[in-house]
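Residue numbers (the working numbering): 12 to 639.
Glycine residues also receive a C-beta, built at the ideal position from the N, C-alpha and C atoms.
Since we're looking at a predicted model, the values are computed, not measured.
Following: one structure in structure tokens, then a few remarks.
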């Protein structure tokens with residue numbers, strides 16, 4: 012990989028800029044954020060805060076852990092920070108995660124094999140490893156030698172990896188792309204000077220590497236791809252010592268320098284600069300060193316919350332292959348190119364989530380699972396998150412809202428609840444609010460709900476549709492949301508609109524070219540499309556979102572069908588996609604067809620590929636639709 016001027020490129024990038032850089036073999040990589048979460052203040056805290064590692068300064072609020080706790084472990088890759096274990100009112104086995112790309116609270120990841128506190132973590136691109144810890148009931152101490160691991164990209168419970176050479180807790184951990192290292196730690200009644208390592212690619216027991224200069228525990232660990240450093244902690248009194256090892260060969264640690272403040276704990280780094288953060292008896296200091304250059308630490312700033320026993324991670328640490336010639340930027344996951352089809356019926360309800368690239372033709376691929384089987388939900392999202400709102404679950408309408416992150420394959424998690432349990436509502440969104448309009452409760456509903464997409468929580472009342480309506484299509488511009496058609500007992504051609512930023516009832520927009528329900532919808536910033544539906548299955552209408560008025564003919568789908576992507580705008584502002592549905596005249600035969608159109612140009616749809624299965628009544632969302 013080549014970076015401009017041999018530096019990591021961070022920040023916000025336009026799509027055209029990214030494309031240009033990729034062609035030149037330049038790959039923007041965030042690589043800048045470090046996080047610290049939990050700890051005691053002296054009571055336990057759930058606060059997560061972040062710093063930009065390349066720039067000195069104080070910590071900033073990021074979000075919250077699921078519970079106030081201390082003594083957890085944190086592992087990370089370029090996308091996720093994962094917290095595991097710790098102590099709340101008892102030892103925990105909980106694993107939860109955040110995405111570095113956007114602030115917010117953790118989501119559930121899975122469980123450790125053994126509940127424990129004071130465990131330690133290290134990771135590379137693919138695996139996160141949790142080693143040792145204290146399994147004793149507080150305040151009792153019982154050191155563990157257990158090593159667990161998870162796949163960084165896949166939600167699920169941890170699996171057994173092997174055993175440490177010495178049972179211990181509160182070791183310092185760090186990694187290269189190939190190896191993970193554990194140094195020192197508490198063994199009760201003494202402390203250890205042992206440094207051992209594992210190979211990420213192969214499960215098995217840890218191997219001895221060498222020894223530290225002294226026995227100690229409660230340190231922070233950091234690394235580049237070749238050098239590991241660990242410092243602070245207690246031996247048993249507080250210490251400022253920083254030591255180093257060269258990870259390519261075994262051997263004892265050597266002196267690196269000193270911290271300013273003793274006993275600092277958690278580490279975070281970008282492979283070049285290493286930070287030692289908080290720790291001891293509720294400290295807020297942050298200090299840094301340059302990993303490649305020995306020497307004493309320098310003041311970086313302060314945590315917003317003074318704390319002891321925090322967990323720290325970073326999105327570009329030494330365990331990641333940042334200088335591997337393989338591009339780290341997945342063009343299928345950049346903003347504007349990810350479409351999701353969630354749930355549906357095959358003919359029974361399913362929980363499958365699949366993705367497809369909006370900018371190119373191709374078949375759907377497995378992405379993860381919904382929290383439960385669901386069909387007929389309303390889809391919406393911003394550039395980061397996709398939501399499946401309500402829908403039919405267990406044979407009746409549901410209030411549940413699921414959320415998933417476009418950037419990382421994995422299962423959805425619970426976001427909150429809509430105000431009314433329902434199915435067949437119309438979903439739409441801009442980059443701030445997600446809206447669910449109408450639906451079936453089991454009677455038809457006129458209720459419009461909204462959520463703030465960036466913040467998990469229950470939906471709030473927005474206003475009402477002009478009439479109780481189900482099975483409408485929903486599209487949006489950055490300012491206006493529009494629903495088209497649906498059924499009020501009989502199929503209708505009514506188009507209605509709301510101003511997304513302001514709550515209130517829907518107003519009349521105009522009429523579709525024909526009355527129909529079970530409509531698929533898509534759009535750009537300026538134009539909205541309503542496609543397929545019952546009983547006139549292949550027609551596509553379009554409107555200009557900013558101007559009220561009747562719809563016009565756009566063209567036809569490749570296959571007459573309804574009940575396709577009847578939620579959310581599935582587009583990248585250039586292309587609109589219509590996926591699945593039940594085909595005519597073979598109703599109720601389901602379809603796996605994905606069609607696309609160029610939104611700015613009228614004309615018939617073109618085949619884009621196939622879903623993983625024939626299905627109808629699926630919920631869709633994308634990270635580049637017209638509402639963004």
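Alpha carbons only, please: which of the options is nearest the one belonging to residue i?
i, options, result
"residue 591", "613, 542, 637, 538", "542"
"residue 633", "553, 524, 368", "368"
"residue 507", "548, 549, 546, 557", "557"
"residue 216", "134, 423, 157", "157"
"residue 414", "435, 381, 540, 617", "381"
"residue 147", "125, 439, 183, 308", "125"
"residue 111", "229, 43, 104, 161", "43"
"residue 194", "261, 200, 138", "261"
"residue 164", "91, 385, 524", "91"
"residue 235", "190, 214, 212", "190"
"residue 589", "417, 487, 352", "352"
"residue 273", "242, 259, 266", "242"
"residue 490", "523, 439, 476, 426", "439"
"residue 213", "554, 57, 162, 481", "162"
"residue 403", "417, 159, 418, 385", "385"
"residue 223", "211, 252, 370, 306", "252"
"residue 521", "410, 493, 186", "493"
"residue 233", "183, 264, 350", "183"
"residue 285", "138, 323, 258", "323"
"residue 288", "141, 582, 308, 408", "308"
"residue 636", "270, 136, 427, 370", "370"
"residue 540", "70, 452, 567", "567"
"residue 51", "295, 350, 107", "295"
"residue 432", "424, 417, 400", "400"
"residue 53", "290, 397, 135, 410", "290"
"residue 86", "140, 372, 67", "140"
"residue 225", "266, 187, 185", "266"
Please classify residue i: is it buried, with 16 or more other beta-carbons within 10 angstroms of its beta-carbon, or exposed?
i, result
"residue 144", "buried"
"residue 639", "buried"
"residue 321", "buried"
"residue 630", "buried"
"residue 84", "buried"
"residue 254", "buried"
"residue 218", "exposed"
"residue 149", "exposed"
"residue 533", "buried"
"residue 422", "buried"
"residue 628", "buried"
"residue 154", "buried"
"residue 326", "buried"
"residue 626", "buried"
"residue 528", "buried"
"residue 518", "exposed"
"residue 178", "buried"
"residue 276", "buried"
"residue 505", "buried"
"residue 207", "buried"
"residue 619", "buried"
"residue 293", "buried"
"residue 454", "exposed"
"residue 210", "exposed"
"residue 205", "buried"
Residue i bridges to which residues according to DSSP?
i, result
"residue 626", "602"
"residue 179", "According to DSSP, which records beta bridges pairwise, residue 179 is partnered with nothing at all."
"residue 203", "196"
"residue 230", "Bridge partners of residue 230: none, in fact."
"residue 458", "475"
"residue 399", "390, 413"
"residue 447", "438, 460"
"residue 365", "352, 377"
Report yes if the C-beta of residue i is less than 7 Å from at least one heavy atom of the ligand NAD; otherwise report no.
i, result
"residue 589", "As for the ligand NAD, it is missing from this structure, which has no ligand bound."
Is residue i close to chain D, meaning its C-beta is less than 8 Å from at least one C-beta of that chain?
i, result
"residue 132", "Included in the structure is just one protein chain, with no chain D present."
Inter-stretch contact at 8 Å, needing at least 3 Cβ pairs: the region 71-83 / the region 96-107: yes
Given 8 Å, three or more beta-carbon pairs between the region 107-121 and the region 358-377: no
Contact between the region 608-624 and the region 446-462 (3+ Cβ pairs under 8 Å): no
Any 3 or more C-beta pairs closer than 8 Å across the region 461-473 and the region 390-404: yes
Cβ contact (3+ pairs, closer than 8 Å) linking the region 306-320 and the region 165-178: no
At least 3 beta-carbon pairs within less than 8 Å: the region 428-442 vs the region 479-498: yes
Length at least 3, wholly inside the region 497-574: the beta strand (DSSP E) runs in chain order: 505-510, 518-522, 531-534, 538-542, 550-555, 563-567
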